[in-house]
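Asker: Note that UniProt numbering gives residue 24 to position 24 of the sequence shown, counting from 1, and the numbers run on in steps of one.
Okay, here's the structure, questions in a sec.
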Amino acid sequence: MRHFDEYYMGGHRATVLVGDPPRTAAGKSARSGKHKTSAQDIELARQTKLCSHYCRNQACPEGEENCDYIHDKDIYAAQMSDPASGLQRHRAPRAHCWAYIQGSCPRRGTCRYYHPQKRELYCKYTPCANWRECTLRDCTFRHPAVVDQGVPSPVTTAKRVSIDAGVKQDTLLNLAQAHALALEAYEDTFIRLTAPSPPKSAPATQTHYSRWGSISHAAVGNDFEAMESIQATPHHGRTRRASAAVPPVPRNQQRYTVEVKGKADSSMNWRDSRRSSVY
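Here you go:
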């Protein structure tokens, strides 16, 4: 496939083919960097010679519309009658010279491409030499479809409008808002190891009666949330379940020992002169 490059030679613009070194204004050869193939170059380089299947009267596997080569009966008949094309002898089509169809070929008799006798048949298969600045509506040469990148397409515009509308309706969040919401959702998935909430009802006073006297203490209500919560204990860094019925005794609370005299009931299984610790 040939690429469409441009260079100035003697003040005139012509095309350069693949494998041919570009020339400067003085006519000297100069090597350049690797050519970058664009979509417009590929479109311009299509259909540079007759299809081999078409010349052999065979069905083209690509189809006439999708084939990258020429399917033209007039060009086929012209090349069959021209010995210079080599089609009648070798049955192998040759690519035509763009510069020759455009006006003049700088290589003249040394050009390796085909110079047809009927140039007008090849105009629609030859790119315009000035296609980037050509403004002729009736130009007979090929022009690629140029897409203006500065003007957005209707589909892109409609998509952008929908995105802007979504931002106004708070359907889309920026990065900071999304990060904050993610952290909040992450924290809510774990149990927070904080102090349990106070009981819903005020603690009542419970009195225990016995034959030796009465001991009063504050009874803590059975709070389900407090019983199910997990609290850390200073012992070896382990965890334990908090009991709402029997609250833990502070270490700094004063303790004293009393002596119980007399006999206790058999149901209590206490003995005489037994010492018990009371907090």
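Ideal placement from N, C-alpha and C gives every residue a C-beta, glycine not left out.
Predicted model, so just to flag it, every value in this text is computed and none were measured.
Classify Pro127 as helix, strand or coil using the three-state DSSP reduction.
Answerer: strand
Asker: For the region 56-71 against the region 106-121, do three or more pairs of beta-carbon atoms, one drawn from each stretch, fall closer than 8 angstroms, so that the two count as touching?
Answerer: no
Asker: Report the rounded CA-to-CA distance for Ala92 versus Ser52, giving the unit in angstroms.
Answerer: 7 angstroms
Asker: Between which residues of its own chain and residue 288 is the CB-CB distance below 7 angstroms, once the five residues before and five after are set aside?
Answerer: Nothing about residue 288 can be read from this structure; the chain reaches only from 1 to 279.
Asker: Suppose you measure from the CA of Ala77 to the CA of Cys55; what does that come to, to the nearest Å?
Answerer: 10 angstroms
Asker: Can you check whether the CB of Ala84 is closer than 8 angstroms to the CB of Lys49?
Answerer: Contact: no.
Asker: Quick check on His115: does DSSP put it in helix, strand or coil?
Answerer: coil
Asker: Going by Cα to Cα distance, which pick from Leu121, Phe141, Lys124, Glu120 is closest to Asn130?
Answerer: Phe141
Asker: Specify the secondary structure class of Leu50 as computed by DSSP and reduced to three states.
Answerer: strand
Asker: Along the alpha helix (DSSP H) that carries Tyr76, what are the first and last residues, could you check?
Answerer: 73-80
Asker: Three-state secondary structure (DSSP) at His96?
Answerer: In the structure shown, the three-state DSSP call for His96 is strand.
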